[in-house]
Amino acid sequence: MIGKLTIGRSFAGVVRYVMQKPEARLLHADGVRESSIQSVIDDFNTQRKINPELSRAVGHVALSWSKNDIEKLSREIMIQRAQEYMQKMKISETQYLIVEHRDRNHPHLHIIYNRVDNKGKTISDRLQKVRNQKVCKEMTLKHGYYLGKDKSLVNRHRLTGADKVKYELYDAITKASQKAKNWNELAALLKERDIGIVFKYKSGSQQIQGISFSKGGIKMKGSEIDRGLSFAKLDEKIRQNQNQLINQHSQPTLREYSPGRTSPSLFIDSRPPISNDSLLNDLLKPEQISEEQTPYELRKKKHQKRKGHSL
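Read in order, the letters of the sequence shown correspond to residues 359 to 669 in my numbering.
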């Protein structure tokens, strides 16, 4: 079960979109007349006038399930799930409309609600996106709905805004992490896709404890994109790639450079070949960096230190 929540200004636009969609089916309405689309719009607008200072009074939620859940979702059940979702999201004592759409191969419905409640108070949208994710996961587990395990099943061409960027980040980071043998290389591969890396440091120290990625003005934590893209998981993957490199070359000419306590970074060295044991010890040797440094700056600094020294 997935929920997508948006806030808007026009009841007319969203009501017409939801109710005039081919094969749309009105499941339930509360506080608005069902006689016509215009009457629904008029009733929403009448109540919003109680609180004229709230310009973005339109709440719209799209709830979707996997096609594997079709048999579990009768008309009555869909109404119950929509109402349960609203209750958990603290959307109560207000007008709302529940409409099912059948234009796709998976079950989904739309909830339109008035952010001006029946007493004229505002229904807060603070932290709603975070709460939405938590509620959807909770309901999915509670009712035994299909829990998607593969992001490749998501219809990316239908995504917009932050959701689109999230999956672009997921695809790019996942692909790059399969190849990268060090953090410098990962950063370079992502830079080709206009993706930046930002490390989070433990307060008062140079110890890395998290990672975020940015693209097009949108910044997301790695763990928010996917659990497998947390700093710890990515660092583990890079270490695996390094171990494969060690196993493939009996005498590799590589040395370590690290962007933090557990972040190894390799670069090609012109020094004489070293043994696998020496290489492994070198890889695991920690080196501290300042918060302002990036993988690229680390490499530049390393080369500057070596300048003037014979090998």
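Note that CB positions come from ideal geometry on N, CA and C, so glycine has one too.
Asked	Found
For the alpha helix (DSSP H) that contains Met359, what are its first and last residues?	Segment: none, Met359 is in no alpha helix (DSSP H) and carries neither H nor E.
Are the CB atoms of Lys539 and Leu603 nearer to each other than 8 angstroms?	yes
Write down the C-beta distance between Gly417 and Ile395 rounded to the nearest angstrom, noting that I regard them as a contact closer than 8 angstroms.	Actually they do not touch by this definition, with Cβ atoms about 18 angstroms apart.
Have a look at Ser588 and His501 and give me their C-alpha separation to the nearest angstrom.	29 angstroms
Just to confirm, is the Cβ distance from Ile456 to Ile469 under 8 angstroms?	yes
Per DSSP, what are the beta-bridge partners of Tyr471 in this structure?	Gly417 and Tyr454
Looking at the structure shown, is Arg657 part of a helix, part of a strand, or coil, going by DSSP?	Low per-residue confidence applies at Arg657: pLDDT is 45, beneath 50, and the placement is therefore not dependable, though the value from the model is reported in the following sentence. Arg657: helix per DSSP, three-state reduction.
Cα-Cα, which of Gln564, Lys533 and Met578 is closest to Ile555?	Met578
Would you call the stretch 484-494 and the stretch 522-542 touching, i.e. three or more CB-CB distances under 8 angstroms?	no
Work out the CA separation of Val372 and Phe402 for me, nearest whole Å.	11 angstroms
Hey, is the stretch 374-381 in contact with the stretch 430-449, meaning 3+ C-beta pairs nearer than 8 angstroms?	no
If we ignore side chains and look at the alpha-carbon of each, how far apart do Arg374 and Ile399 end up?	9 angstroms
By Cβ distance, which residues of its chain are closer than 7 angstroms to Arg391, with the 5 residues on each side in sequence left out?	Ser397, Val398 and Asp401
Of the choices Ser572, Leu385, Val474 and Cys494, whose alpha-carbon is the least far from that of Gly361?	Cys494
Return the first residue and the last residue of the alpha helix (DSSP H) that His501 is part of.	Gln486 to His501
Using the beta-carbon count (16 or more within 10 Å), is Ala520 buried or exposed?	exposed
Assuming Asp388 and Gln438 make a contact with CB atoms under 8 angstroms, what is their CB distance in whole Å?	Not quite, the Cβ-Cβ distance comes to about 14 angstroms (not below 8 angstroms), so this is no contact.
Give me, in chain order, the residues of the same chain whose beta-carbon lies closer than 7 angstroms to that of Ser621; leave out the 5 immediate sequence neighbours on both sides.	With a pLDDT of 42 at Ser621, under the threshold of 50, the predicted position of this residue should be treated as unreliable, though the coordinate-derived value follows. Here the set comprises Trp541, Ile566 and Asp593.
Can you tell me whether Arg406 is buried or exposed, with buried defined as 16 or more other CB within 10 angstroms of its CB?	buried
For Gly580, I'd like the list of residues in its chain whose CB is within less than 7 angstroms of its CB, leaving aside the five on either flank, ordered along the chain.	Ile569, Ser570, Phe571, Leu587, Ser588, Phe589 and Leu592
Would Asn476 and Leu363 be called neighbours here (beta carbons separated by less than 8 angstroms)?	no
Kindly list the residues whose CB is nearer than 6 angstroms to the CB of Arg414, restricted to its own chain and excluding five residues on each side of it in sequence; keep chain order.	Ile365 and Arg367
Applying the 10 Å Cβ sphere with the 16-neighbour rule, what's the burial state of Leu527?	buried
Alpha carbon to alpha carbon, what distance is there between Ser563 and Thr426?	The sequence given here places Asn at residue 426; Thr does not occur at that position. Whole-angstrom Cα-Cα distance: 48 angstroms.
Out of Gly478, Leu384 and Glu543, which one is the CA nearest neighbour of Lys595?	Glu543
Could you tell me how far apart the beta carbons of Leu385 and Glu458 are, in whole angstroms, since I believe they sit closer than 8 angstroms?	5 angstroms
Return the chain-ordered list of same chain residues with a C-beta closer than 7 angstroms to the C-beta of Asn463, the five sequence neighbours on each side being excluded.	Lys425
For the candidate residues Pro465, Gly478, Lys522 and Ile428, whose alpha-carbon lies nearest to that of Glu451?	Gly478
To the nearest angstrom, how far is the alpha carbon of Ile408 from that of Val474?	8 angstroms
If we ignore side chains and look at the alpha-carbon of each, how far apart do Ile435 and Ile553 end up?	42 angstroms
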